[in-house]
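Visitor: Top to bottom, those sequences are chains A and B. Per the numbering used here, residue 4 is the first one in the first sequence, and the count goes up by one each step. Per the numbering used here, residue 4 is the first one in the second sequence, and the count goes up by one each step. Cβ atoms here follow ideal geometry from the backbone N, Cα and C, with glycine treated the same way. The structure's right below; bear with me while I get my questions together.
Number of protein chains: 2
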Amino acid sequence: MRIWSHELLAHAGTEVEVCGALHALRELKQVTFLILRDGCGLIQVVVEDARLRAELAQLNAESALRVRGRATAVAQAPGGVEIHQPHVEVVSAALESPPIELNKPRLNVQLATLLEHAPVALRHPVQRAYLRLASLTMAGFRQTLTAQHFTEIQSPKLVAGATEGGANVFTVDYFERKAYLAQSPQLYKQLAVGIFERVFEVGPVFRAEPHATPRHLNQYTSLDVELGFIQDHTSVMALATETLRGMLRFIREHGQRELELLQLTLPELPATIPSIHFADAQALIFAQTGEDCRGEPDLAPAHERFLGAWAHEQHGSEFLFVVGYPMVKRPFYTHPDPARPAYSNSFDLLFRGLELVTGGQRLHRYADYVAALERQGMSLAQFADYLSAFNHGMPPHGGFAIGLERWVSQLAGLENVRAASLFPRDLQRLTP
Amino acid sequence: MRIWSHELLAHAGTEVEVCGALHALRELKQVTFLILRDGCGLIQVVVEDARLRAELAQLNAESALRVRGRATAVAQAPGGVEIHQPHVEVVSAALESPPIELNKPRLNVQLATLLEHAPVALRHPVQRAYLRLASLTMAGFRQTLTAQHFTEIQSPKLVAGATEGGANVFTVDYFERKAYLAQSPQLYKQLAVGIFERVFEVGPVFRAEPHATPRHLNQYTSLDVELGFIQDHTSVMALATETLRGMLRFIREHGQRELELLQLTLPELPATIPSIHFADAQALIFAQTGEDCRGEPDLAPAHERFLGAWAHEQHGSEFLFVVGYPMVKRPFYTHPDPARPAYSNSFDLLFRGLELVTGGQRLHRYADYVAALERQGMSLAQFADYLSAFNHGMPPHGGFAIGLERWVSQLAGLENVRAASLFPRDLQRLTP
Chain A
4 MRIWSHELLA HAGTEVEVCG ALHALRELKQ VTFLILRDGC GLIQVVVEDA RLRAELAQLN
64 AESALRVRGR ATAVAQAPGG VEIHQPHVEV VSAALESPPI ELNKPRLNVQ LATLLEHAPV
124 ALRHPVQRAY LRLASLTMAG FRQTLTAQHF TEIQSPKLVA GATEGGANVF TVDYFERKAY
184 LAQSPQLYKQ LAVGIFERVF EVGPVFRAEP HATPRHLNQY TSLDVELGFI QDHTSVMALA
244 TETLRGMLRF IREHGQRELE LLQLTLPELP ATIPSIHFAD AQALIFAQTG EDCRGEPDLA
304 PAHERFLGAW AHEQHGSEFL FVVGYPMVKR PFYTHPDPAR PAYSNSFDLL FRGLELVTGG
364 QRLHRYADYV AALERQGMSL AQFADYLSAF NHGMPPHGGF AIGLERWVSQ LAGLENVRAA
424 SLFPRDLQRL TP
Chain B
4 MRIWSHELLA HAGTEVEVCG ALHALRELKQ VTFLILRDGC GLIQVVVEDA RLRAELAQLN
64 AESALRVRGR ATAVAQAPGG VEIHQPHVEV VSAALESPPI ELNKPRLNVQ LATLLEHAPV
124 ALRHPVQRAY LRLASLTMAG FRQTLTAQHF TEIQSPKLVA GATEGGANVF TVDYFERKAY
184 LAQSPQLYKQ LAVGIFERVF EVGPVFRAEP HATPRHLNQY TSLDVELGFI QDHTSVMALA
244 TETLRGMLRF IREHGQRELE LLQLTLPELP ATIPSIHFAD AQALIFAQTG EDCRGEPDLA
304 PAHERFLGAW AHEQHGSEFL FVVGYPMVKR PFYTHPDPAR PAYSNSFDLL FRGLELVTGG
364 QRLHRYADYV AALERQGMSL AQFADYLSAF NHGMPPHGGF AIGLERWVSQ LAGLENVRAA
424 SLFPRDLQRL TP
């Protein structure tokens, strides 16, 4: 019965079987330390037999091995345990050395090199720990929402028109006509509110943005939520806060190995995340930096960073809600602030000075949609199927979306969101 | 504090608040029964007040309501509980009657009508119960695998070439060049075995199959699994069996409402699913039906149905593994049976006579891939990034994939897989 690296200590004193890649070989005078990397961590194997030492010395790193031996508690071994008197079976020999040295504490390569050799480079414990954080985040997201009567949906990725407006949409040849790749599940999750009242989706979204930045991917994983019978956007903000709390809790409970390896401390999420109105944020930026962005319809990245630092200083929070973005820059389904109709019942959540979550209240009355689409010069016919649902009693509703790779990237302090994606897609990159 | 339909009985004797759609109105002489449909089920509200009865009679079905009143245990009420002395708030009035009558026990409409009006039609308790089964299946799938050290991945859906061979691939305009929509995460989940050893993915896959059948969708949700250090395909079959067991267990534990509503009995999964070799299956079909399909490279749907019935009769099992499909019809990454190289270490799992799961052992040696691609006349260059990983010690590995909508469809006895998809995509249908 094969066991895993983190189970080894519990098996101390018994014969065990482990599997993994030849991560490193430290050859000393009398002994060779074979470091095996399995799906969860590293295992130290102590080899004294001369013939086996010679055999191992011939192997390329990354060869797949099966090792049987005696698990032995040794205080100075990594994790307090190692394997003695091993029998090693070469399950699949690596034919050549890896293109990148994987046996260093950190990969010392440029991002471009890492991405080019991703199938091998991502085997590095640090690189894969970033992806494990993504995996744990998805699980925590789902757990939190499932406990609150949310149903998971899978919406169409092939759609008849742009959902978020703009030209940043990929075109697909679809049986003699054109389809588009969904920029978000927005319209579908709204329709699903009529069906289930509370829904979430975890899936790919596609943005044909023709520019390369460290923050953007052309395919990313969106954690989407939508729910009905809300008061207004503040109901959505409360849910977003609880969802982030659940994600962090899940990582804390199940990601201890990854957090230790990456030497990460998870952020403290305040009971209530501080919040500032968009107009007040602009006034604050003007007052404190002299830069007058008042009247601009959006915040520049530098302004978001300023606000992030301000929230940390003033409120001790790495999270900040900015609410009430001007209607003029928000998509057609956005609900206005009834008291100040030029502003919206929408929000962005900044995490460490970067937009992480976007959400808000949506329109829920048919007539409001017709007016909004006409105002933006958009076609009613294109949205006919979508609009029809609003004739049939859609409750006040809203939701939010979290960019998974961006979340991991900010959490782990990555300089580029690409390092938090399994095989990122960008302007240049369709492979590996 | 708003509560849900299934929580109502526990609140009997107290004032409660519930939300939902006006599902039905039964107007008797002295009393009106308002049936409210929330995200989980139905709630009976007893209205005696004349003015409120008149008000409700004016409302269109599907209007969104908030109801406050006294939860009261009444033996003959549905679920043993109803709401008395209600106060009703019209949160969002429906502007017209639904295009389909939702207040009947079953929707009596053609599938085409249902699909055309899906945003409203899927609100019917039976229709949404199918989608709830899909949601529960995904959760059970993930729970089972997560407990066994699997990591969830999100792989690229935009790829540089066809992964499963064949021409059934959608073309995408990708920044001045062509990309394709992934037919499966196959190659990526294999690469991920080198990284995590055990991975799964739940996500959309795209098949440009230009024909309309009740079993096929052009986008469907694939439950994908891949793991390393296997013995051969039988290791994968054992895992597939345990995964199905976990899915069924999860539905049994969390889907009681849906199972009752749909009057479904879940299938019994034997401790070991019976298994028959492909060649023996053909011989059996010949012996018992006189139809000679021996030497054919695949099974026809009618043959699968025959085998399904045979397994039920002979083994009392609604599940049957067919193993050893001929290499000639399997994709290039398929591992041959070492003892009979014309046959493969692959399998299909038939559920009630329909292929539900496909899986097997994959090649894991670089040279085997080169030979396999050359034999199939495929380009090595196109797969260069993928192949490179096999130079670096990939363990023997394999995996399987389950079509989610097909699973729900077979489970619920649906005639068409489209009824198990939120908004299906097919030859005709890009909307809603």
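#1: Of the residues that make up the segment 150–163 of chain B, which ones have a beta carbon closer than 9 angstroms to any beta carbon in chain A?
#2: Looking at Tyr133(A): is its Cβ nearer than 7 angstroms to the Cβ of Val411(A)?
#3: Does any CB atom of chain B fall closer than 7 angstroms to the CB of Asp227(A)?
#4: I'd like to know if Leu425(A) contacts chain B, where contact means its C-beta is closer than 7 angstroms to some C-beta of that chain.
#5: Quick one: which residues of the segment 388–419 of chain B get their C-beta closer than 8 angstroms to a C-beta of chain A? List them in chain order.
#6: The alpha helix (DSSP H) that contains Phe281(B), what's its start and end?
#7: Count the other CB atoms, across all protein chains shown, that sit within 10 Å of the CB of Glu179(B); report buried if there are 16 or more and exposed otherwise.
#8: By a C-beta neighbour count over all protein chains shown, 10 Å radius and 16 as the cutoff for buried, is Gln317(A) buried or exposed?
#9: Rounded to whole angstroms, what is the Cα-Cα separation between Arg71(A) and Thr154(A)?
#10: Taking only beta carbons into account, state which residues of the segment 98–115 of chain B come closer than 9 angstroms to chain A, listed in chain order.
#11: Could you check where the alpha helix (DSSP H) with Gly311(A) kicks off and where it finishes?
#12: Following the continuous beta strand (DSSP E) through Glu418(B), name the residue where it begins and the one where it ends.
#13: Here's the rule I'm using: 16 or more other beta-carbon atoms within 10 Å means buried, otherwise exposed. How should Asn221(B) be labelled?
#14: Only counting the same chain, and skipping five residues up and downstream in sequence, which positions put a Cβ closer than 6 angstroms to that of Glu200(A)?
#15: Quick one: is Leu269(B) buried, meaning 16 or more other Cβ sit within 10 Å of its Cβ, or exposed?
#16: For Ala67(A), count neighbouring Cβ atoms within 10 angstroms of its own Cβ and tell me buried if that reaches 16, exposed if not.
#17: Apart from the five residues just before and just after Ala15(A), which ones in its own chain have a Cβ nearer than 7 angstroms to its Cβ?
#18: Using a beta-carbon distance cut-off of less than 8 angstroms, what residues from the segment 206–228 of chain B approach chain D?
#19: Could you tell me the distance, in whole angstroms, from the CA atom of Tyr441(A) to the CA atom of Phe281(A)?
#20: Count the other C-beta atoms from every protein chain shown that fall within 10 angstroms of the C-beta of Thr244(B), then say buried if there are 16 or more, exposed otherwise.
#21: Considering just the uninterrupted stretch of the beta strand (DSSP E) at Asp351(A), what are its terminal residues?
#22: Roughly how many whole angstroms lie between the Cα atoms of Phe203(B) and Pro341(B)?
#23: Whose C-beta lies closer than 8 angstroms to the C-beta of Gln146(A) among residues of the same chain, with five residues either side of it excluded?
#24: Return the residues of the segment 274–285 of chain A that lie within a Cβ-Cβ distance of less than 8 angstroms from chain B, sorted by chain order.
#25: Between Ala485(B) and Arg40(B), what straight-line distance do the alpha-carbon atoms span, to the nearest angstrom?
#26: Consult DSSP for Arg365(A) and reduce its assignment to one of helix, strand or coil.
#27: Between Gln189(A), Pro213(A), Leu226(A), which lies nearest to Val205(A) when the distance is taken from Cα to Cα?
#28: Tell me the rounded alpha-carbon separation between Phe36(B) and Arg56(B).
#29: Given a threshold of 16 other Cβ atoms within 10 Å of its Cβ, counted over all protein chains shown, does Pro108(A) qualify as buried or as exposed?
#30: Where in the segment 213–263 of chain A do unbroken runs of the alpha helix (DSSP H), each at least 4 residues long, occur, reported from the N-terminal end onward?
#31: Please list, in chain order, all residues of the same chain as Phe350(A) whose beta carbon is under 7 angstroms from its beta carbon, the five residues on each side excluded.
#32: With 7 angstroms set as the bound, which would you pick, yes or no: does the beta-carbon of Ala182(B) sit closer than that to a beta-carbon of chain A?
#33: Strictly by DSSP, which residues pair up with Ile276(A)?
#34: Residues of chain A with CB under 8 angstroms from Met381(B), in chain order?
#35: Need the endpoints of the alpha helix (DSSP H) that Tyr389(A) sits in, please.
#36: Does the Cβ of Lys32(B) have 16 or more other Cβ atoms within 10 Å, making it buried, or fewer, making it exposed?
Guide: In short, the structure shows the following:
#1: For the segment 150–163 of chain B, the beta-carbon criterion of a distance under 9 angstroms to any beta-carbon of chain A is satisfied by His152, Phe153, Thr154, Glu155, Ile156, Gln157, Ser158, Pro159, Lys160, Leu161, Val162, Ala163.
#2: Working through the first sequence from its first residue, we reach residue 133(A) at position 130. Working through the first sequence from its first residue, we reach residue 411(A) at position 408. With contacts defined as CB atoms closer than 7 angstroms, Tyr133(A) and Val411(A) qualify as a contacting pair.
#3: As a working note, residue 227(A) is residue 224 in the first sequence. Chain B, which has no Cβ nearer than 7 angstroms to the Cβ of Asp227(A), makes this no.
#4: Counting from one through the first sequence, the residue named residue 425(A) turns up at place 422. Leu425(A) counts as touching chain B.
#5: Per Cβ criterion, the list reads Asp388, Tyr389, Ser391, Ala392, Asn394, His395, Gly396, Met397, Pro398, Pro399, Leu407.
#6: Taking the second sequence and counting its residues from 1, one reaches residue 281(B) at position 278. Element bounds for Phe281(B): 281–292.
#7: Here residue 179(B) refers to the residue found at position 176 of the second sequence. Glu179(B) is exposed by the Cβ-count criterion.
#8: Counting from one through the first sequence, the residue named residue 317(A) turns up at place 314. Gln317(A) should be labelled exposed.
#9: The residue you call residue 71(A) lines up with position 68 of the first sequence. The residue you call residue 154(A) lines up with position 151 of the first sequence. C-alpha separation (whole angstroms): 45 angstroms.
#10: Cβ contacts with chain A come from Leu98, Glu99, Ser100, Pro101, Pro102.
#11: Taking the first residue of the first sequence as 1, we reach residue 311(A) at position 308. For Gly311(A), the enclosing alpha helix (DSSP H) has its first and last residue at 304–318.
#12: Stepping through the second sequence from its first residue, residue 418(B) is reached at position 415. Counting along the chain, Glu418(B) falls outside any beta strand (DSSP E), and DSSP gives it neither H nor E.
#13: Locating residue 221(B) in the second sequence gives position 218, counting from the first residue. Burial of Asn221(B) is indicated by the presence of at least 16 other C-beta atoms within 10 angstroms of its C-beta.
#14: Numbered from 1 along the first sequence, position 197 holds the residue referred to as residue 200(A). Gly231, listed in sequence order.
#15: Along the second sequence, read from residue 1 onward, the residue named residue 269(B) stands at position 266. Exposed.
#16: Counted from its first residue, the first sequence places residue 67(A) at position 64. Buried, because 16 or more other Cβ atoms sit within 10 Å of the Cβ of Ala67(A).
#17: For the purposes of this step, residue 15(A) is identified with residue 12 of the first sequence, where counting begins at 1. Ala74, Thr75, Ala76, Val84.
#18: This model lacks chain D altogether, as its protein chains are A and B.
#19: Limits of chain A in this structure are 4 at one end and 435 at the other, which puts residue 441(A) out of reach.
#20: In the second sequence, the residue the question calls residue 244(B) occupies position 241. In summary, Thr244(B) is buried, with 16 or more beta-carbon neighbours lying within 10 Å of its beta-carbon over all protein chains present.
#21: Taking the first sequence and counting its residues from 1, one reaches residue 351(A) at position 348. Per DSSP, Asp351(A) belongs to the beta strand (DSSP E) from 349–354.
#22: Here residue 203(B) refers to the residue found at position 200 when the second sequence is read from its first residue. Here residue 341(B) refers to the residue found at position 338 when the second sequence is read from its first residue. Rounded to whole angstroms, Phe203(B) and Pro341(B) show a C-alpha spacing of 27 angstroms.
#23: Taking the first residue of the first sequence as 1, we reach residue 146(A) at position 143. Taken in chain order, the residues that qualify are Gly249, Phe253.
#24: If the cut-off is 8 angstroms between Cβ atoms, the segment 274–285 of chain A has nothing near chain B.
#25: Summary: the structure shown does not reach residue 485(B), with chain B confined to residues 4 through 435, and so no result is reported for it.
#26: Counted from its first residue, the first sequence places residue 365(A) at position 362. In the structure shown, Arg365(A) sits in a strand (DSSP, three-state: E or B).
#27: Here residue 205(A) refers to the residue found at position 202 of the first sequence. Checking every option, the nearest Cα to that of Val205(A) belongs to Leu226(A).
#28: The sequence position of residue 36(B) within the second sequence is 33, counting from 1. The sequence position of residue 56(B) within the second sequence is 53, counting from 1. If I take the Cα positions, the gap works out to 9 angstroms.
#29: Along the first sequence, one-based indexing puts residue 108(A) at 105. Exposed, because fewer than 16 other Cβ atoms sit within 10 Å of the Cβ of Pro108(A).
#30: As summarised for the segment 213–263 of chain A, the continuous alpha helix (DSSP H) elements at least 4 residues long and confined to that stretch are 236–257, given in chain order.
#31: One-based indexing of the first sequence puts residue 350(A) at position 347. Residues of the same chain with a CB within less than 7 angstroms of the CB of Phe350(A), apart from the 5 flanking positions on each side, are His236, Met240, Phe324, Val325, Val326, Gly362, Gly363 in chain order.
#32: As a working note, residue 182(B) is residue 179 in the second sequence. Ala182(B) counts as touching chain A.
#33: Counting from one through the first sequence, the residue named residue 276(A) turns up at place 273. Its beta-bridge partners do not exist; DSSP assigns none.
#34: Reading the second sequence from its first residue, position 378 is the one you call residue 381(B). Within 8 angstroms Cβ-Cβ: nothing; Met381(B) doesn't reach chain A, min ~16 angstroms.
#35: Residue mapping note: residue 389(A) aligns to position 386 of the first sequence, counting from 1. Taken as a continuous stretch (DSSP letters only), the alpha helix (DSSP H) holding Tyr389(A) covers 387–391.
#36: Locating residue 32(B) in the second sequence gives position 29, counting from the first residue. Lys32(B) should be labelled exposed.
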